[in-house]
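A.B. asks: Under numbering that gives the first Met the number 0, the first residue of the sequence shown carries the number 0, and numbering increases by one thereafter.
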Amino acid sequence: MTLTLDIYQSLWAMEQRIPGQAEDPVETHLAQIAEAGYAGACIDPNVSEIEDCLKLKPAFEQAGLKCMVNAFPMTSHRWNLCLIWRQR
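(1) At which residue ranges does the region 24-71 contain complete beta strand (DSSP E) runs of 3 or more residues, listed in the order of the chain?
(2) Please list the terminal residues of the continuous beta strand (DSSP E) segment that includes glutamine 8.
(3) Using beta-carbon positions only, say whether glutamine 8 and isoleucine 32 come within less than 7 Å of one another.
(4) Is methionine 0 helix, strand or coil when you go by DSSP?
(5) Are there 16 or more other CB atoms within 10 angstroms of the CB of alanine 62, so buried, or fewer, so exposed?
(6) Would you check whether the ligand HEM has a heavy atom nearer than 6 Å to the C-beta of alanine 58?
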């Protein structure tokens with residue numbers, strides 16, 4: 000059995016957060032992550048961002064990256080939303 004270690008870059012850590020300047024598109028960040036040789040990118044949406052994050056699946060696929068999700072559900076309803084994410 001061969002073991003591998005996949006390293007993921009946090010997508011939020013790619014943000015520049017420079018006042019007055021627009022952020023690069025997520026696709027740009029994903030391309031940079033892929034070019035750097037990471038296995039994937041990690042997202043950590045709050046419940047209100049789940050639908051927007053689901054829309055990123057084609058961008059992850061285009062970049063050839065895996066997706067890791069950090070979820071912190073506080074109720075069973077929110078946990079169900081996390082399970083919906085996994086099924087997509």
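Glycine residues also receive a C-beta, built at the ideal position from the N, C-alpha and C atoms.
C.D. replies: According to the data block:
(1) 39-42, 65-68
(2) 7-9
(3) yes
(4) coil
(5) buried
(6) For the structure depicted, the ligand HEM is absent and the ligand set is empty, with no information on it obtainable.
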